[in-house]
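Our numbering puts the first residue of the sequence shown at 448, with every later residue one more than the last.
From the three backbone atoms N, C-alpha and C, an ideal C-beta is built for every residue, glycine too.
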Amino acid sequence: MKLKFFRESIVLKLSEDWDILEDFNGNSYLLNLKSGEAYEISPVIFRFLSLLDGKKTLKEIIDVLAQTFLNNETFDKSLNFFLKEGLKKGFLKKCFI
């Protein structure tokens, strides 16, 4: 029950300025942060970042991603790693609604 509440009441935001560079074929992206750090990100993470508008809950975002990337085995691993890394390093921040 607690986990369900958490996913339905949390909104994630990037905590600093950023931009994304895309390769020519659209398969690889580079997330550049204001701090100078850069991360190579997958299409799943690119889509995830495009949904961070400060209004959608984590559950809503995951539902959209699950529909977009049906049967993608790397979906969970990729997103889980990015969320942990972002929260640990501080470029993602949690906001409760």
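- By DSSP's assignment, E487 forms a beta bridge with L477.
- Only buried fits L526, as 16 or more other CB atoms lie within 10 angstroms of its CB.
- Check the Cα spacing between A485 and each of S497, W465, V458: the tightest is with W465.
- The alpha-carbon separation between K503 and D470 amounts to approximately 27 Å.
- Distance from I488 to L498 at the Cβ level is roughly 14 Å; contact not present, criterion being Cβ atoms closer than 8 Å.
- Here L468 is not near L480, since their CB atoms are 7 Å or more apart.
- One alpha carbon belongs to L459, the other to L517, and they sit about 23 Å apart.
- Taking 7 Å as the cut-off, the beta carbon of I492 is found no closer than this to the beta carbon of F528.
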